[in-house]
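Colleague: Encoded as structure tokens, here's the structure I'll be asking about.
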Amino acid sequence: MKDEVSAFITDLGYFLPARLVTNRDLQAENPAWDMERIGKKTGINSRRIAADDETAADMAFAAAERLFAQGRVHRSEIDYLLFCTQSPDYMLPASACILQHRLGLPVNCGAIDFNQGCSGFIYGLQLANALISSRSASNVLLLTGETYSKYIHPLDRSVRVLFGDAATATVIGGNRPGARIVTSVVGTDGSGCQSLIVPIGGARRPSGSESPQEVCDENGSIRGAANLFMDGQELFAFTLKRVPDLVGRLLAETGLTVGDVDLFVFHQANEFMNEHLRRKMLLPKEKVPLSLDDVGNTVSNTIPLTLSRISGQLAPGNKIVLVGFGVGYSWGACLLEWGEVGVCNEPGTSQKQ
Amino acid sequence: MTNDELTELFAEALEVDASSIQPEKAIAEFEEWNSLAWLTIMSLLDERYGIQLTGPEIQSFVTVNDVIEKVTAKAPAA
Chain B
0 MKDEVSAFIT DLGYFLPARL VTNRDLQAEN PAWDMERIGK KTGINSRRIA ADDETAADMA
60 FAAAERLFAQ GRVHRSEIDY LLFCTQSPDY MLPASACILQ HRLGLPVNCG AIDFNQGCSG
120 FIYGLQLANA LISSRSASNV LLLTGETYSK YIHPLDRSVR VLFGDAATAT VIGGNRPGAR
180 IVTSVVGTDG SGCQSLIVPI GGARRPSGSE SPQEVCDENG SIRGAANLFM DGQELFAFTL
240 KRVPDLVGRL LAETGLTVGD VDLFVFHQAN EFMNEHLRRK MLLPKEKVPL SLDDVGNTVS
300 NTIPLTLSRI SGQLAPGNKI VLVGFGVGYS WGACLLEWGE VGVCNEPGTS QKQ
Chain X
0 MTNDELTELF AEALEVDASS IQPEKAIAEF EEWNSLAWLT IMSLLDERYG IQLTGPEIQS
60 FVTVNDVIEK VTAKAPAA
């Protein structure tokens, strides 16, 4: 029988685009928006937005290059690339294929995109863990990259104030020093597909097939069917229903109690919702970091970004629960046992290539 | 849970005086009763009574009384 292979996060880093949009900017643009109140509720005071010609793949490329520049892992060692995005460069081919070439990864490297949002990093870790423990891959490069800003109507307050753009890069390897992926649990409920959606642009409603009619909703927000739509109330109801159960499932699976866990890194939706969830689950504030103030909700990037930022406070052996939930609906949670991880913690600025 | 307690909860979420929350008043008449206020109401109902409202339920409410009736119906029998 073969020896068992465990999967470890060995390297982790993130990238933020250069353009800064502050609440003050949004207030100046939209005098009717109460940005002071919104800032207090969301915990978001500014967000980074990709340049017009900068895509999620461009930012993921930059995040990966910065990891390689640390010199801990060499690009020739990567034999699987997973790219989580809902803003691919093209309908086809997969952005992961383009990134394989741009990053100079070996041609015997597998490369796929997967379309998930706020749960995406958990799915990526679960897939990487499966690839490594089944010996299908030795070193997986997991990239997340998102530019919801390109889908957002500038006059849609409900989403413009919340979302920011970002990318992250994570290397997962087998049986080497790092943060061990202990186990993960996931779930799906596609009945919630209309709650966070860009209706036009896929095969169901192709772009150009309908006149781009914009409508004003009862809150004064304007959007068309090619824009991002979010039903905040439905999403909040979904998280109240699913997230406490999800955390309970992971703890039951691992035999841990809340007290055994050193840190809970939740998807950073907004401070109001995250704090409500934290109180509901009776989790102590110091175990649940928030990282929204200067970046906003960056979708699949929030968990690795927050983990990067708080990594300085972590010690080997710490037990960390990661929790993602949102668009789909899709959700997942993962237990990590912290170890020596090469964290690249200075977010780069845009570099055109 | 009494109707007065619910009225207080709405007033707290809307940051208005409880006296302005009359049962027959239409939600649309409140300038403050926007999507953000709904999130606060959902949060307070969940926290204080363990009651959760769904998006379609919220869409169906016309008057303050509609909300009170739905919440009361969802409350566990005392």
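Chains B and X, in that order, give the protein sequences. At position 7 of the first sequence the residue is numbered 6 (numbering that gives the first Met the number 0), and the sequence of numbers has no breaks. At position 70 of the second sequence the residue is numbered 69 (numbering that gives the first Met the number 0), and the sequence of numbers has no breaks. Note that CB positions come from ideal geometry on N, CA and C, so glycine has one too.
What does DSSP give as the partner residues of B/Ser183 in its beta bridges?
Modeller: In the first sequence, the residue the question calls residue 183 of chain B occupies position 184. Partner(s): B/Cys333.
Colleague: In this structure, how does DSSP classify X/Thr1 when only helix, strand and coil are distinguished?
Modeller: For the purposes of this step, residue 1 of chain X is taken as residue 2 along the second sequence, with counting starting at 1. In the structure shown, X/Thr1 sits in coil (DSSP, three-state: anything other than H, G, I, E or B).
Colleague: Does DSSP put B/Gln350 in a helix, a strand or coil?
Modeller: In the first sequence, the residue the question calls residue 350 of chain B occupies position 351. Note that B/Gln350 scores a pLDDT of 41, beneath 50, so its modelled location is shaky; the value from the coordinates is reported in the next line. In this structure, B/Gln350 counts as coil in the three-state DSSP scheme.
Colleague: Relative to the C-alpha of X/Glu4, which candidate in X/Arg47, X/Met41, X/Leu38 has its C-alpha closest?
Modeller: As a first step, residue 4 of chain X is located in the second sequence; it is residue number 5 there, counting from the start. Out of X/Arg47, X/Met41, X/Leu38, X/Arg47 has the C-alpha closest to the C-alpha of X/Glu4.
Colleague: Distance check for B/Gly341 and B/Phe265, CA to CA, integer angstroms please.
Modeller: The sequence position of residue 265 of chain B within the first sequence is 266, counting from 1. The sequence position of residue 341 of chain B within the first sequence is 342, counting from 1. Those two C-alpha atoms are separated by around 21 Å.
Colleague: Looking only at its chain, what residues have a beta carbon closer than 6 Å to the beta carbon of B/Arg159, apart from the 5 residues adjacent to it on each side?
Modeller: Position 160 of the first sequence, counted from the first residue, corresponds to residue 159 of chain B. Closer than 6 Å at Cβ, skipping near neighbours: Ile151.
Colleague: How do the region 301-316 of chain B and the region 166-183 of chain B stand: do at least 3 beta-carbon pairs fall below 8 Å, yes or no?
Modeller: The region 301-316 of chain B vs the region 166-183 of chain B: in contact.
Colleague: Along chain B, which residues have their Cβ under 8 Å away from the Cβ of X/Ser34?
Modeller: The count along the second sequence starts at 1 and reaches residue 34 of chain X at position 35. Those within 8 Å of X/Ser34 in chain B are Ser157, Asn218, Gly231, Gln232.
Colleague: What does B/Ala236 touch in chain D if you count any residue whose Cβ is under 8 Å from its own?
Modeller: No chain D is present in this structure, whose protein chains are B and X.
Colleague: Which value, in whole angstroms, describes the spacing of the CA atoms of B/Val214 and B/Asn226?
Modeller: If you number the first sequence from 1, residue 214 of chain B lands on position 215. If you number the first sequence from 1, residue 226 of chain B lands on position 227. Whole-angstrom Cα-Cα distance: 11 Å.
Colleague: Enumerated in chain order, which unbroken segments of the alpha helix (DSSP H) with a length of 4 residues or greater are wholly contained in the region 6-51 of chain X?
Modeller: DSSP runs (the alpha helix (DSSP H)) wholly in the region 6-51 of chain X: 34-48.
Colleague: Measuring CA to CA, which of X/Phe29, X/Lys69, X/Met0 is closest to X/Ala10?
Modeller: By one-based count along the second sequence, residue 10 of chain X stands at place 11. Checking every option, the nearest Cα to that of X/Ala10 belongs to X/Phe29.
Colleague: Taking the alpha carbon of B/Leu249 as the point to measure from, which residue in B/Ile199, B/Val320, B/Ile302, B/Arg156 has its own alpha carbon closest?
Modeller: Here residue 249 of chain B corresponds to residue number 250 of the first sequence, with the count starting at 1. When each option's Cα is compared against that of B/Leu249, the closest is B/Val320.
Colleague: With a threshold of 8 Å between beta-carbons, can X/Leu38 be considered close to chain B, or not?
Modeller: Here residue 38 of chain X refers to the residue found at position 39 when the second sequence is read from its first residue. True, the Cβ-Cβ gap to chain B drops below 8 Å.
Colleague: Going by CA-CA distance only, name the one from B/Arg23, B/Leu25, B/Phe14, B/Arg47 that's closest to B/Gly295.
Modeller: Numbered from 1 along the first sequence, position 296 holds the residue referred to as residue 295 of chain B. When each option's Cα is compared against that of B/Gly295, the closest is B/Arg47.
Colleague: In this structure, how does DSSP classify B/Thr54 when only helix, strand and coil are distinguished?
Modeller: By one-based count along the first sequence, residue 54 of chain B stands at place 55. Three-state result, B/Thr54: coil.
Colleague: Given a cut-off of 8 Å, decide if B/Gly323 and B/Phe394 are closer than it, judged by their beta-carbon atoms.
Modeller: The structure shown does not extend to residue 394 of chain B, since chain B is modelled only from 0 through 352, so no value can be given for it.
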